[in-house]
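> Just so you know, we're using full-length UniProt numbering here: the sequence shown kicks off at 1 and counts up by one.
Backbone N, C-alpha and C fix where the C-beta goes; we use that ideal spot for every residue, glycine too.
Model, not experiment: these values are computed from the prediction.
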Amino acid sequence: MRCQVAIVGAGPAGLVLGHMLHLQGIDSIIVERRTRDYVEQRVRAGVLEQPSVDLLTDLGLGERLHDRALVHNGFYIRFDRETHHLNLNSRSGRHSYVYGQAEVVHDLIEARISAGQPLIFGADEVSVTGIDTDRPVVTFSDGQQTHRIDADFVAGCDGSQGICRTLPPAGALARFVRSYPVAWLGILAHTAPVTAEGMYCAHPDGLSVHSMRGPRITRQYLQVPAHTELQDWPDERIWQELLRRSESDDHPPLETGEIFDRSIALLRSEVTAPMQYGSLFLLGDAAHIVPPTGAKGLNLALSDACVLSHALGAYYCTGNSEFLDAYSATALPRVWQAQNFSAKLTSVLHRLSDDPMEYELRRAQLRRWASSDAEQDALGEVYFGLPFPTPWRAETRT
Ligand code: RFL
Ligand code: PHB
């Protein structure tokens, strides 16, 4: 097989990139190691920024999204048993949108298939060679025979556990890493949300997050120690802890009910720089990981795809590789803004140490967020999403 861009991984980064390339007449093959069902049912993110929704709408993928997404003006924080709504859009008029990652992935797979574009699920033994040449090769097995894809470029969209991030020689890319001593235990439950928009409860014993996917489906998280086992958390214990951390004097207690999905994810920040090497480009979680606090990961995957698809568009349209060379330099500043935002939210909302001074400093910041319009505007600017960097498109439009 031969294509211009071989894409490894059919998560949000790979699927959006594939779709944007198709719209520009650039052919790609997406190779995914999991099955379609697995990819479409994986429970993960849920909060989309305004630029992500604008992009998906521009790409013709807005119909189901606008029909089903919950449109939010901000979020709630709860501490000292009091609930505060942070209205983050009072000046900007922008929003966040609650729409499950599984839905985004479903819409993108449908679009790919109806456009007749190649998308290979269940690929085994995926390997990539020749990234230091202009003839990289992706091979994979379908269980019976090995297939070979010759491409001009490889897009590594295979997430934080994938192979692409390990391909460049040792020392070629720098890695910035911060691990946190905590994880999020996440559940989906058949219960009604306790507040109209998502809520972070900064309890002295640790964070609980109360988000939603619909009028009768909640997505909730508990801060737990990093090496927690799911088997130590039967439903009763999960509800007891969610109830305890979210107790308040101004709202009724949480509704409890059937839990139908549960998982644990470690909190971690990581950035690979530059996000490219030879003919390999890294996108999304393959290039960087943010802790889930602030809901940035999926949105960053979309902004990377946007930057790379425009750079590839410029290359195939004009033969000019200047924007491809600048891919990492263009994408990284937004990645660091998201890292900064997620790190700040993580440190204020979680209990990360037993130091009483630390707790008082966190409370002081929570009070600022709850009481200051200026603080809420500043939070909203990043929470609703900084603009996607698209230098080539901007230039050609003027
Ligand atoms: P993905 O989604 O991990 O997709 C990578 C794909 O590559 C496949 N793959 C391979 N394919 C072929 N060959 C190989 N060798 C392969 N190795 C792997 C995988 O099967 C998979 O299909 O990466 P991508 O596309 O970069 O997307 C990133 C997002 O998934 C991630 O950042 C978000 O889920 C993070 N995140 C959130 N982001 C948000 O923007 N808003 C949120 O509200 C939000 N909440 C969350 C989150 C992540 C969480 N967890 C579970 C880490 C909440 C949680 C709890
Ligand atoms: C979610 O709804 O999954 C969610 C909400 C808030 C976050 C992260 C994830 O900070």
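#1: Assess contact between the segment 259–274 and the segment 147–155, defined as three or more Cβ pairs (one per stretch) separated by less than 8 Å. Is contact present?
#2: Taking only heavy atoms of the ligand RFL into account, decide whether any of them is closer than 7 Å to the Cβ of Cys157.
#3: Mapping DSSP to helix, strand and coil, what is Gly18?
#4: Report the rounded CA-to-CA distance for Ala301 versus Ala286, giving the unit in angstroms.
#5: What's the gap between the Cα of Ile99 and the Cα of Val8?
#6: Can we count Lys296 as close to the ligand RFL, meaning its CB is less than 7 Å from some heavy atom?
#7: Give me the Cα-Cα distance between Thr390 and Thr330, rounded to the nearest whole angstrom.
#8: Secondary structure at Thr285, three-state DSSP: helix, strand or coil?
#9: Going by C-alpha to C-alpha distance, which of Phe388, Asp124, Ile131 sits closest to Gln144?
#10: Would you say the beta carbon of Arg42 comes nearer than 7 Å to a heavy atom of the ligand PHB?
#11: CB-CB under 8 Å to Asp249, same chain, minus the five flanking residues each way: which ones, in chain order?
#12: Going by the beta-carbon positions, is the gap between Pro204 and Tyr76 smaller than 8 Å?
#13: On the DSSP bridge assignment, give the partners of Phe140 in chain order.
#14: Between Ala151 and the rest of its own chain, which residues show a CB-CB distance below 7 Å, the 5 nearest in sequence each way excluded?
#15: Would you report the Cα separation of Ala10 and Met357, rounded to the nearest angstrom?
#16: Please classify Tyr327 as buried or exposed, where buried requires at least 16 neighbouring CB atoms within 10 angstroms.
#17: Report the CB separation of His350 from Gln223 in whole angstroms; it is logged as a contact under 8 Å.
#18: Does the ligand PHB have a heavy atom nearer than 7 Å to the CB of Arg78?
#19: Quick check: does the Cβ of Arg363 come within less than 7 Å of any heavy atom belonging to the ligand RFL?
#20: How would you call Ala58, buried or exposed, if buried means at least 16 neighbouring beta carbons within 10 angstroms?
#21: Hey, is Ala45 close to the ligand RFL, as in C-beta under 7 Å from one of its heavy atoms?
#22: Report the rounded CA-to-CA distance for Val126 versus Ile163, giving the unit in angstroms.
#23: Do His251 and Ile217 have their CB atoms nearer than 8 Å?
#24: Return yes when the C-beta of Leu185 is under 7 Å from any heavy atom of the ligand RFL, and no when it is not.
#25: Which value, in whole angstroms, describes the spacing of the CA atoms of Thr396 and Gly60?
#26: Is Thr346 near the ligand PHB, going by C-beta to nearest heavy atom under 7 Å?
Working from what's here:
#1: No contact exists between the segment 259–274 and the segment 147–155.
#2: Result yes, Cβ under 7 Å from the ligand RFL.
#3: In this structure, Gly18 counts as helix in the three-state DSSP scheme.
#4: If you draw a straight line from the Cα of Ala301 to the Cα of Ala286, it comes to about 9 Å.
#5: The residue asked about is misnamed: residue 99 is Tyr in this sequence, not Ile. Rounded to whole angstroms, Tyr99 to Val8 spans 24 Å at the Cα level.
#6: Lys296: yes, Cβ under 7 Å from the ligand RFL.
#7: So the alpha carbons of these two residues sit roughly 8 Å apart.
#8: Before going on, a small fix: residue 285 reads as Asp here, not Thr. The answer is helix: DSSP assigns Asp285 an H, G or I state.
#9: The shortest Cα separation from Gln144 among Phe388, Asp124, Ile131 belongs to Asp124.
#10: Answer for Arg42: no, Cβ out of range of the ligand PHB.
#11: Arg81, Glu82.
#12: 8 Å or more divides the Cβ of Pro204 from the Cβ of Tyr76.
#13: Under DSSP, Phe140 forms a beta bridge with His147.
#14: Hits under 7 Å: Cys3, Gln4, Val5, Ala6, Pro136, Val138.
#15: Spanning the alpha carbons of Ala10 and Met357 requires a straight line of approximately 45 Å.
#16: Buried, because 16 or more other Cβ atoms sit within 10 Å of the Cβ of Tyr327.
#17: Between Gln223 and His350 the Cβ distance is about 5 Å, and since that is below 8 Å, they are a contact.
#18: No, Cβ of Arg78 sits at least 7 Å from all heavy atoms of the ligand PHB.
#19: For the ligand RFL, not one heavy atom lies less than 7 Å from the Cβ of Arg363.
#20: It is worth fixing the name first, because residue 58 is Asp in this sequence and not Ala. So Asp58 ends up on the exposed side.
#21: Yes.
#22: In this structure, the straight-line span from the alpha carbon of Val126 to that of Ile163 is close to 8 Å.
#23: If you check the CB distance, His251 and Ile217 do not come in under 8 Å.
#24: Every heavy atom of the ligand RFL is 7 Å or more from the Cβ of Leu185, so no.
#25: In this prediction, Thr396 has a pLDDT of 43, which is less than 50 and means its spatial position is unreliable; what the coordinates show is noted afterwards. If I take the Cα positions, the gap works out to 21 Å.
#26: Answer for Thr346: no, Cβ out of range of the ligand PHB.
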